[in-house]
Amino acid sequence: WHPMLMTSGMVGLAGIGALTKKLGGYTNTKLHALLGWSSIFTSFAGIYVIYRNKEMNGYGHLKTAHSQAGAAVVVTTVGLGLAGSIFLHPDFGVDKTNKTIRLAHKMVSRITLMIAWFTAFYGLMEMIPNEPK
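Residue numbers (the working numbering): 122 to 254.
Have a look at this one:
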């Protein structure tokens, strides 16, 4: 469940949310926020699944580069979601016209989405058994 939830959250929903925002307009901006928060909550479910799995099997947490990058991506997306909701929301954002905040939100989001893709790929590569030498 972990790979499906994290990939659909951080790659699928977040990617669709980014593309939706590029369409522009009030409705697409609100849909962008809903997709972004949906990606975060889907990813929380993926984190819960892997956390429980590691606990049941006696494995340590945050031991691999994949898990550390994944944790960083999720923490960053929560920060981006909060910043977008507080500052940039089209109805009640406290600084919704600030171009600097908008640019920072866009650039950090792009970098985070790119790292999410690499993290997903790296996690899938970890699932491939080692080839005999």
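Backbone N, C-alpha and C fix where the C-beta goes; we use that ideal spot for every residue, glycine too.
Since we're looking at a predicted model, the values are computed, not measured.
Determine the direct distance from the alpha carbon of residue j to that of residue i, and round the result to whole angstroms.
i, j, result
"G200", "H226", "10 Å"
"L134", "N251", "31 Å"
"T185", "M246", "13 Å"
"L156", "I249", "31 Å"
"K143", "A241", "24 Å"
By the three-class DSSP mapping on this structure, what secondary structure does residue i have?
i, result
"G98", "Any question about residue 98 goes unanswered here, given that the chain covers just 122 to 254."
"N251", "coil"
Closest to residue i by C-alpha separation, out of the options, would be which residue?
i, options, result
"V194", "L152, T141, L155, F165", "F165"
"Q189", "G244, S129, G130, W122", "G244"
"I137", "G146, M125, A154, V170", "A154"
State the start and end residues of the unbroken alpha helix (DSSP H) segment that holds residue i.
i, result
"H187", "186-204"
"H123", "123-127"
"T141", "135-143"
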